[in-house]
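Participant: In numbering that gives the first Met the number 0, the protein residues as written are 0 to 425.
Glycine is no exception: its CB is placed at the ideal position from the N, C-alpha and C atoms.
Take this structure first; my questions come after.
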Amino acid sequence: MKVIICCLGTRGDVEPLLALGKALQARGHAVTLCGPDNCASWVRDEHALGFVPLGIDFKALMQSREVREARGGIEAAIGKGVIAAMPAALRAASDTADRVGVDLVVCSATFPGGPDLAEKHGAALVTTAMAPVFPTRQFPFFLASVGPFGCLLNRATYLMPAMARAVHGAALAQWRREELRLQSRGPRMLEMGCQTDGMVAPRLCCVSPSVIPQPNDWDTATTMTGYWRLEDPAQWAPDDALAAFLAGADRPVVYIGFGSMTVLEPAALVAIVLPAVREAGVRAVLQLGWSGDVIDAAGADVYYLDVAPHAKLFPLVSAVVHHGGAGTTAAGLSAGRPTLICPIGADQPMWGDRVHRELGCGPKPIPLAKLTPALLASRLHALVSDAGFCTRATELAARIAREDGLARAVEVIEAEGRRCGKMSPQ
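See below:
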């Protein structure tokens, strides 16, 4: 099949879909990933997967003053940037489909145009998500500010992710009319993954069922597949300096990093981390990520790290502290490491609560905006001294290792391709 994967977001949003694209490519499918501009070299050069930029650089957006200094919540500031870029992103996706052809569209929950693209080309459609955004009565949508609400109201909260399409309504209507040559009125999105004919296309949630069990009221079109792990073609290993820092530790080494979340300036982050690390009696690998320029944070207690794949780095440390992005949380739990989450927004508070309350793999989360040296020191001490966190994290990682989320996802995608006549029956 000719498969187009459309996604927007940070590196953590793109990575599972890159893994999925490579798995489909290995099965003989022609795959093109349409994603954020800043992922071009990573996808195309490092992983040899076809790539088309959608006209929005998420690294630049996350480092922008508008996002850094957001007063009304980081989600609103990011959303404003995405809304402005959406018309160009939609055009890039449809231009790609016209140029290379498409039998099946894999659409991330972050990209609203998948149903329209599939409709235009008569292609099969599969919707994906990195967190539960598909309706269930068992728990509310993660952006619902309070809850649980009870079975009926829990399910009603999932109108929120479905309404994400309405946010881009004007851009979608114009795109349908002018680029796709379809009627302006698109699919009625009462649930994410609906098609123009009202049917629900297959929906894949790339979360481990050991972390969030599949809700028993999900329909047969919706699957909690397990994590989609990306293999590292470069076979990363720590350089001599990092290897010496890790080997020379007489105290636990904790990873601390907040990825693409840029609300803290590097100096402010270091001013919190350094005294906390010393007070807690640990050492730290500090990764500033997209927070800004490299600063000299190296020393006896802290090693500054520019970049490293979490899947390879996390098994080398005793515990991890991060913002609670879905991908980073998956990497920490897959490595069997006790986890402290310092959330900023979106799905991050949900992951923090689940890691602490439901899984018992780490202490109570601290919102990053409320992080202080004393609070961080207290949580760091608990993180490395509570044997229960370590035991439960190790046991959870063993269960995750037995799952093959990519194989399950490929199975569902190929079955839909056959059902729609895009693949020959086996």
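1. Can you tell which of L203, T390, A172, V316 has its C-alpha closest to the C-alpha of A242?
2. Per DSSP, G112 is paired with what?
3. Report the CB separation of P337 from A373 in whole angstroms; it is logged as a contact under 8 angstroms.
4. Have a look at A283 and V2 and give me their C-alpha separation to the nearest angstrom.
5. Below 6 angstroms CB to CB, which residues in the same chain sit around A236 once its five sequence neighbours on both sides are set aside?
6. Alpha carbons only, please: which of R398, E278, L23, L53 is nearest the one belonging to R250?
7. Taking L103 as the reference, which of I4, V199, A47 has the closest Cα?
8. Residues bridged to H120 by DSSP?
9. Thinking C-beta only, is V383 closer than 9 angstroms to V253?
10. So, with DSSP's three-state summary, where would you put V293?
11. Can the beta-carbon of R353 be found closer than 9 angstroms to that of S209?
12. Compare the Cα-Cα distances from E230 to each of E413, K421, L405, H28 and report the closest residue.
13. Can you check the region 9-39 for any beta strand (DSSP E) of at least 3 residues that lies completely inside it and give the ranges in chain order?
14. So M129 and G326 are in contact, right, with Cβ under 8 angstroms, and what is the actual spacing, rounded?
15. When the Cα atoms are used, what is the spatial distance from A400 to L181?
16. Are the CB atoms of R418 and A161 nearer to each other than 9 angstroms?
17. So, at 8 angstroms on beta carbons, what are the nonlocal neighbours of P424 in its own chain, with the 5 sequence-adjacent residues on each side left out?
18. Does the region 4-24 touch the region 218-233, meaning 3 or more C-beta pairs lie closer than 8 angstroms?
19. Around the Cβ of I82, are there at least 16 other Cβ atoms within 10 angstroms (buried) or fewer (exposed)?
20. Our contact map puts V319 next to V301 with C-beta atoms below 8 angstroms; I'd like the distance itself, whole angstroms only.
21. Run the CB neighbour count on G258, radius 10 Å, all protein chains shown included, and call it buried at 16 or more, exposed below.
22. Between which two residues does the alpha helix (DSSP H) carrying R417 extend?
23. Answer yes or no: do G54 and A108 have a C-beta to C-beta separation smaller than 9 angstroms?
24. Just grab the DSSP bridge partners of I4 for me.
25. Alpha carbon to alpha carbon, how far is V281 from G428? Give it in angstroms, no decimals.
26. So which of D94, G11, L48 has the shortest CA-CA distance to F57?
27. Who are the near neighbours of F50 in its chain, counting only those whose CB is closer than 8 angstroms to its CB and skipping five residues on each side?
28. CB-CB under 6 angstroms to G359, same chain, minus the five flanking residues each way: which ones, in chain order?
29. On a CA-only basis, which of G100, A386, Y226 is nearest A22? Give me that one, please.
Facilitator: Inspection of the coordinates gives the following:
1. V316
2. According to DSSP, G112 bridges with nothing at all.
3. With 8 angstroms as the limit, P337 and A373 do not qualify as a contact, their Cβ atoms being about 20 angstroms apart.
4. 42 angstroms
5. Contacts found: none.
6. Among R398, E278, L23, L53, the Cα nearest to that of R250 is on E278.
7. I4
8. According to DSSP, H120 bridges with nothing at all.
9. Yes.
10. A caution first: V293 carries a pLDDT of 46, below 50, which makes its placement in the model too unreliable to give a value.
11. no
12. Closest by alpha carbon: L405.
13. Correct list: 29-34.
14. 7 angstroms
15. 45 angstroms
16. no
17. Around P424, the same chain offers R417 as residues with beta carbons nearer than 8 angstroms, after the five sequence neighbours per side are excluded.
18. yes
19. exposed
20. At roughly 15 angstroms, the Cβ-Cβ gap does not stay under 8 angstroms, so V319 and V301 are not in contact.
21. When all chains shown are included, G258 counts as buried.
22. 404-418
23. Against a cut-off of 9 angstroms, the Cβ pair of A108 and G54 comes out as no contact.
24. L32, V105
25. Here the chain comprises residues numbered 0 to 425, so residue 428 is not present and cannot be evaluated.
26. Measuring from the Cα of F57, the nearest candidate turns out to be G11.
27. T31, L32, C33, G34, C38, A39, V42, R43
28. R391
29. Y226
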